[in-house]
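The opening position of the sequence shown corresponds to residue 4 in my numbering, with each subsequent residue numbered one higher.
Cβ atoms here follow ideal geometry from the backbone N, Cα and C, with glycine treated the same way.
Remarks on the structure that follows.
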Amino acid sequence: MNQRDKIELIKNGKMKDSLLIICIPTMIGMIITALYYLVDSYFVSGLGHEQLAAISVVFPIFQIILGIGLIFGSGAGSFISRLLGQNDLDRANSTATMSILYGIITTFIFSITILVFLKPILIFIGATDSIIKYAQSYSKIVILSSYLTVFNITMNNLMTSEGRSNITMSIMAMGAILNIFLDPIFIYKFNLGINGAAYATAIAQAITTLLYIYRILSKKNLLKIGLRYIKKDLYILVEIFRIGIPIFLNRILTSVSVGLTNMAAKPYGDDAIAAMGIMLRVMSIGLYVVFGFTKGFIPVIGINYGSGENKRVKSAIKITKRWGFIFCALFGGIIMISARPIAILFAKDGPEFLIEIATKALVYNGLAFVFFSYQNIYSSAFLAMGKALEAGVLNLSRQGIFFIPLIIILPRLFGLKGLIITQPIADILTLNLTRYFVYKNRELI
4 MNQRDKIELI
14 KNGKMKDSLL
24 IICIPTMIGM
34 IITALYYLVD
44 SYFVSGLGHE
54 QLAAISVVFP
64 IFQIILGIGL
74 IFGSGAGSFI
84 SRLLGQNDLD
94 RANSTATMSI
104 LYGIITTFIF
114 SITILVFLKP
124 ILIFIGATDS
134 IIKYAQSYSK
144 IVILSSYLTV
154 FNITMNNLMT
164 SEGRSNITMS
174 IMAMGAILNI
184 FLDPIFIYKF
194 NLGINGAAYA
204 TAIAQAITTL
214 LYIYRILSKK
224 NLLKIGLRYI
234 KKDLYILVEI
244 FRIGIPIFLN
254 RILTSVSVGL
264 TNMAAKPYGD
274 DAIAAMGIML
284 RVMSIGLYVV
294 FGFTKGFIPV
304 IGINYGSGEN
314 KRVKSAIKIT
324 KRWGFIFCAL
334 FGGIIMISAR
344 PIAILFAKDG
354 PEFLIEIATK
364 ALVYNGLAFV
374 FFSYQNIYSS
384 AFLAMGKALE
394 AGVLNLSRQG
404 IFFIPLIIIL
414 PRLFGLKGLI
424 ITQPIADILT
434 LNLTRYFVYK
444 NRELI
């Protein structure tokens with residue numbers, strides 16, 4: 004099926020078919036991305052709990068890198084989907100080209116700034132004396148390869164916006180498989196330790212970049228990228244940033260929330276930091292499944308909304324909500340039932356204290372996860388329709404507006420238990436805020 008046929012399917016085909024054809028590949032791609040980090044953690048955990056904790060400490064920096072890619076990828080992707088719904092291919096090409104150009108410039112500024120202040124930043128986000136040396140060496144490699152990461156995230160979103168989710172899935176799968184293959188070789192065979200995990204990821208990202216460049220040059224690509232498409236079009240930048248900035252702020256707040264979690268866990272030692280890192284990575288599998296499906300769902304909403312087909316928009320949301328609830332209930336239930344065996348698997352014969360914290364965190368977060376798809380589906384729908392206020396506030400709520408005050412207050416009131424229940428309570432509050440926005444926009448969704 005060529006790209007014009009896919010757009011025609013999105014506009015006029017059976018909605019279940021449209022969602023499955025577009026969303027399943029993006030979902031598989033995001034699952035593969037989650038496995039990237041899970042496998043990294045698994046192999047690094049064999050080096051010791053300090054190295055595992057170091058990866059958790061560096062995680063906020065990676066979230067900012069991811070956020071830069073999402074500014075220009077998701078911001079441009081949302082606009083491009085609506086432009087394709089309006090058959091404005093010329094402006095869509097300009098949007099794609101400018102998103103890549105500005106993404107590279109922004110990454111350069113970020114990488115220089117973060118490297119200059121790296122040590123104090125790592126200390127601020129939770130690095131202890133025993134962790135800092137590992138966190139510094141690992142994060143330097145991550146930062147220096149951030150150009151590749153930002154380019155790949157941007158291209159992934161651009162190609163998804165035109166319905167090429169099958170291509171992005173294949174490219175992500177190749178990169179992930181290579182990363183998984185290289186991890187044990189670089190970490191153990193070449194004796195590079197935690198740095199080996201970073202090198203393996205950087206090489207996998209470089210191969211992914213080459214694959215995306217190949218696709219850019221392909222005549223089969225509907226979107227075209229090149230210098231001739233760079234225009235002084237302020238409207239394009241406004242549309243990119245109007246959607247992209249709230250998503251970037253979400254990544255910033257995710258970084259801050261992980262940093263605050265590490266700081267709240269710091270009084271309980273490196274094992275507590277490592278335990279919360281285990282919970283985050285395991286839960287990321289479920290989160291990325293939902294993120295992946297709704298990532299494919301965005302062009303379905305955007306193209307139909309741009310075409311004025313509000314009935315199809317409502318149909319897509321209704322179907323996706325039903326599927327999302329079923330998945331989240333199953334995943335959350337499995338996590339709650341299997342929490343301790345999962346904690347033992349990643350703790351690698353660690354102390355009982357580490358296993359106990361990770362088990363409790365998994366149980367509480369598994370329970371709250373049942374409601375996650377509802378909030379994510381509607382925030383993605385608002386994003387696709389260009390409703391910046393609703394999309395922005397919901398993107399900032401789960402990890403920011405609700406989480407940050409709670410992570411400051413609850414551990415002080417309830418100690419370690421307060422730390423563990425912070426994210427589930429933030430999820431429930433975000434769920435209720437989502438319901439309010441849905442009610443306000445009930446005529447559209």
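Note that the C-beta distance between residue 306 and residue 14 is below 8 Å. Taken in chain order, the complete alpha helix (DSSP H) segments of 4 or more residues contained in the region 388-415 are 391-399. Note that the C-beta distance between residue 220 and residue 99 is not below 8 Å. With fewer than 16 other beta carbons inside 10 angstroms of its own, residue 229 counts as exposed. Beyond the five residues adjoining it in sequence on each side, residue 356 comes within less than 7 Å, by CB distance, of 274 in the same chain, given in chain order. Per DSSP, the continuous alpha helix (DSSP H) segment holding residue 314 begins and ends at 313-340. Non-local beta-carbon contacts of residue 282 in its own chain, meaning distances under 7 Å to residues more than five positions away in sequence, involve 361, 364, 365, 368 in chain order.
When Cβ pairs closer than 8 Å are counted between the two stretches, the region 168-187 is seen not to touch the region 229-249, the count staying below three. Residue environment for residue 213: exposed (fewer than 16 other C-beta atoms within 10 angstroms of its C-beta). Ranked by how close their Cα comes to the Cα of residue 95, the residues 107, 103, 82, 104 have 82 in first place. Under the 10 Å beta carbon count, residue 194 is surrounded by fewer than 16 other beta carbons and is classified as exposed.
In the three-state DSSP reduction, residue 152 falls in the helix class (H, G or I). In this structure the region 385-395 does not lie against the region 410-417, because fewer than three pairs of beta carbons, one per stretch, are closer than 8 Å. Residue state for residue 53 is assigned as helix, using DSSP reduced to three classes. Residue 302: member of the alpha helix (DSSP H) spanning 273-309, first to last residue. Membership of residue 249 in the alpha helix (DSSP H) is indicated by the continuous run 237-268. Nearest neighbour of residue 330 by Cα position, chosen from 373, 315, 17, turns out to be 373. Shortest Cα-Cα distance from residue 47 to any of 284, 371, 302 involves 284. Here residue 143 carries a helix assignment [DSSP, helix/strand/coil].
For residue 206, the enclosing alpha helix (DSSP H) has its first and last residue at 197-220.
With a cutoff of 8 Å on beta-carbon distance, residue 384 and residue 448 are scored as near each other.
The beta carbons of residue 106 and residue 72 sit closer together than 8 Å. By the criterion of a C-beta distance shorter than 6 Å, residue 12 is surrounded in its chain by 21, once the five residues flanking it on both sides are discounted. Per the Cβ contact rule, the region 421-435 is not in contact with the region 114-125 (fewer than 3 Cβ pairs under 8 Å). Excluding sequence positions up to five before and after residue 156, its CB lies within less than 7 Å of the CB of 69, 72, 73, 76, all in the same chain and listed in chain order. Counting C-beta pairs closer than 8 Å gives three or more between the region 51-63 and the region 264-274, which meets the contact rule.
The continuous stretches of alpha helix (DSSP H) do not include residue 130, and DSSP gives it neither H nor E.
In terms of Cβ geometry, residue 88 and residue 310 form a close pair [threshold 8 Å]. With fewer than 16 other Cβ atoms inside 10 Å of its own Cβ, residue 443 counts as exposed.
For the pair residue 411 and residue 266, the Cα-to-Cα distance works out to about 10 Å.
When the beta-carbon positions are compared, residue 253 and residue 399 come within less than 8 Å of each other.
Around the CB of residue 241, fewer than 16 other CB atoms lie within 10 Å, so the residue is classed as exposed. The straight-line gap separating the alpha-carbon atoms of residue 140 and residue 175 is approximately 26 Å. DSSP places residue 89 in the coil class of the three-state scheme, outside both helix and strand. DSSP, read as helix, strand or coil, puts residue 352 in coil.
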